[in-house]
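Number of protein chains: 2
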Amino acid sequence: MKNSDKREEIVLAALELIAEHGFHGAPMAMVADRAGVGAGTIYRYFESKDVLIAEIFSELEKKVVESLMQGYSRDGSLRERFIYLSTMIIRYFMANAIHFKFIEQYMNSPYGVSLRRERLLGKARDIDLFRHLLQEGIDGHALKDLPLPLHFALAFGPILSLLRDHILGFVELDDALIQKAVEACWDGVRRQDAPG
Amino acid sequence: MKNSDKREEIVLAALELIAEHGFHGAPMAMVADRAGVGAGTIYRYFESKDVLIAEIFSELEKKVVESLMQGYSRDGSLRERFIYLSTMIIRYFMANAIHFKFIEQYMNSPYGVSLRRERLLGKARDIDLFRHLLQEGIDGHALKDLPLPLHFALAFGPILSLLRDHILGFVELDDALIQKAVEACWDGVRRQDAPG
DNA sequence: CATATCGGAATGAACGTTCATTCCTAAATA
DNA sequence: TATTTAGGAATGAACGTTCATTCCGATATG
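Here the protein sequences come in this chain order: A and B. Read in our numbering, the first sequence has 89 at position 89, and its numbers run on one by one without any break. For our numbering, add 1000 to where a residue sits in the second sequence, where the first one is 1.
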């Protein structure tokens, strides 16, 4: 096994175990077993379990953003872009349920909470497509006159709930249903006296 | 200290610690300390940590339902009842942030997931005000033609996100904002070609 | 009334287990 | 051979739970 393979195997094993059983259901010994390496070997690649977890999160985030950027165009109406982005998010996580589960675990942990806090207070990065989109809609009066975090809750809340339900097997999502759901989200954020 | 006081002290201590630090951040020894009892004493009242946790959840659920039933009337339009119920849920958890945090922890744990599964498959209980409300709206074509779980996601998703944000200090919710948020949720679920 | 006896409630040190991390030996590589 | 990489047993801290003992109010006894 090549060096870089070992690292990848460790990341993959930890990702799967943590997504499925949570941080505390994924002991390092089990991660090592699944990765096909010795327990000590993990520590040649990652300083600690915390560092490993943070690294996995960071890699996932990169993949998600790359995938969303793919085929996203800044042209098109606000509505079109909103629908496109929301649909892509849902599609991505349906195809990568493990990523969703891991990110949820992470975001519900203390690390995730402080991360969100930092980002909310900080300036929007290029990466924050959704944030830019919503802000543009607020400024242009296409969206309801509400604070940004509220729009986030209105747009993202249902998406998260939906993905959770789908992954747990509570709903069977198909393209038609996704389309309807995303349009319903748009109804939630858009100004009702404006067209569309 | 009376007997019943001890039990209550234990429940309160565990509730607070778990809400703040999660299940794994609330060792029984710490619960005992905060409750002002010996570690062994907890086991005179609760068979195990799991049982203690389940008991707390059950007590909280009872309180929430009681509080929501208070002042809820089956008369009034669907919209009125939707707005009322959503508003009350937000108000309750803003006033009882600890309850919200505990319930979230529980719902994200394996116990919570199987609980949800059982309930979703089972018949709606009298208690499930929201479920009845949404079903009525679907049947009466006042709401969009979508499966029930999707309506749950559209209506509840934003409420959960909003409460999370408020409790973490990411938004400052006041009555006016709550009103607007709840109306936006209604816009999400209602048929857009129908009035109101 | 004073004292002795009793029984269940409360206690916290001790136990066995689990876990992240370390450490030392073996294997691979150069 | 010298150096780097891997392995997994060893370590010690932390945890849930147990249990022999203590405590305390009630009851019986003188």
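C-beta: ideal position from N, C-alpha, C; glycine also. Remember, it's a predicted structure, so these values are computed and weren't measured experimentally.
What does residue i touch in chain A if you count any residue whose Cβ is under 7 Å from its own?
i	result
L1120(B)	F170
P1147(B)	V171
H1024(B)	H24
Considering Cα atoms alone, identify which of the options is closest to residue i.
i	options	result
P149(A)	R1081(B), K1144(B), F1170(B), G1157(B)	F1170(B)
K180(A)	L78(A), M69(A), I159(A), P27(A)	I159(A)
D1175(B)	G1122(B), D1145(B), I1089(B)	I1089(B)
L1017(B)	Q1105(B), T1087(B), R1074(B)	Q1105(B)
V1113(B)	A155(A), D5(A), H21(A), V51(A)	H21(A)
I73(A)	L120(A), F130(A), L154(A), M94(A)	The sequence shown places Ser at residue 73(A), not Ile. Cα-wise, what sits closest to S73(A) is F130(A).
Q1192(B)	A1142(B), L1173(B), L1052(B), P1147(B)	A1142(B)
S86(A)	L162(A), I56(A), K123(A), L60(A)	L162(A)
L52(A)	E8(A), A194(A), S77(A), D139(A)	E8(A)
I1127(B)	K1062(B), K1006(B), F1046(B), K1101(B)	K1062(B)
A1194(B)	L1173(B), E1055(B), D1075(B), G1140(B)	G1140(B)
L1146(B)	S58(A), P147(A), L177(A), R119(A)	L177(A)
I1098(B)	E1172(B), H1166(B), K1006(B), Q1070(B)	H1166(B)
V1065(B)	R1125(B), E1172(B), A1054(B)	R1125(B)
E172(A)	E118(A), M94(A), F156(A)	M94(A)
F23(A)	A54(A), G71(A), N96(A)	A54(A)
K101(A)	R164(A), G122(A), D5(A)	R164(A)
T1041(B)	D1005(B), G1076(B), Q1070(B)	D1005(B)
I1138(B)	R1117(B), G1122(B), L1078(B), G1071(B)	L1078(B)
S1058(B)	Q1070(B), Y1111(B), G1071(B)	Y1111(B)
List the residues of chain A that residue i touches, going by C-beta distances under 9 Å, in chain order.
i	result
L1160(B)	A153, G157, L160, S161
V1113(B)	L168
Hey, residue i and residue j: beta-carbon distance below 8 Å or not?
i	j	result
A28(A)	K49(A)	One detail in the question is off: residue 28(A) reads as Met in this sequence, not Ala. For M28(A) and K49(A), yes; Cβs fall inside 8 Å.
A35(A)	A13(A)	yes
G38(A)	A32(A)	yes
L60(A)	I103(A)	yes
Y92(A)	L68(A)	yes
Y45(A)	I10(A)	yes
I56(A)	L120(A)	no
N1108(B)	N108(A)	yes
G1076(B)	G157(A)	no
Taking Cβ-Cβ distances shorter than 7 Å, what residues in chain B pair up with residue i?
i	result
A176(A)	Simply none; closest approach about 10 Å.
D165(A)	P1149, A1153
N108(A)	N1108
By the criterion of Cβ-Cβ separation under 9 Å, what are the contact partners of residue i in chain B?
i	result
G188(A)	L1154, P1158, A1184, C1185, W1186, D1187, G1188, V1189
Which residues in chain B have a C-beta closer than 8 Å to the C-beta of residue i? List them in chain order.
i	result
Q192(A)	D1187
K144(A)	K1180, A1184
- Within the segment 1004–1067 of chain B, ranges of the alpha helix (DSSP H) (whole runs, at least 4 residues): 1028–1035, 1039–1045
- Segment contact, 8 Å Cβ cut-off, at least three pairs: the segment 63–83 of chain A with the segment 134–146 of chain A: yes
- In chain order, which beta strand (DSSP E) runs of at least 3 residues are fully inside the segment 1117–1180 of chain B? none
- Looking at C-beta atoms only, is the number of pairs between the segment 1182–1192 of chain B and the segment 181–191 of chain A that lie closer than 8 Å three or more? yes
- Going along the chain, which unbroken runs of the alpha helix (DSSP H) with 4 or more residues stay wholly within the segment 1071–1116 of chain B? Counting only runs of 4 or more, we get 1078–1095, 1097–1107.
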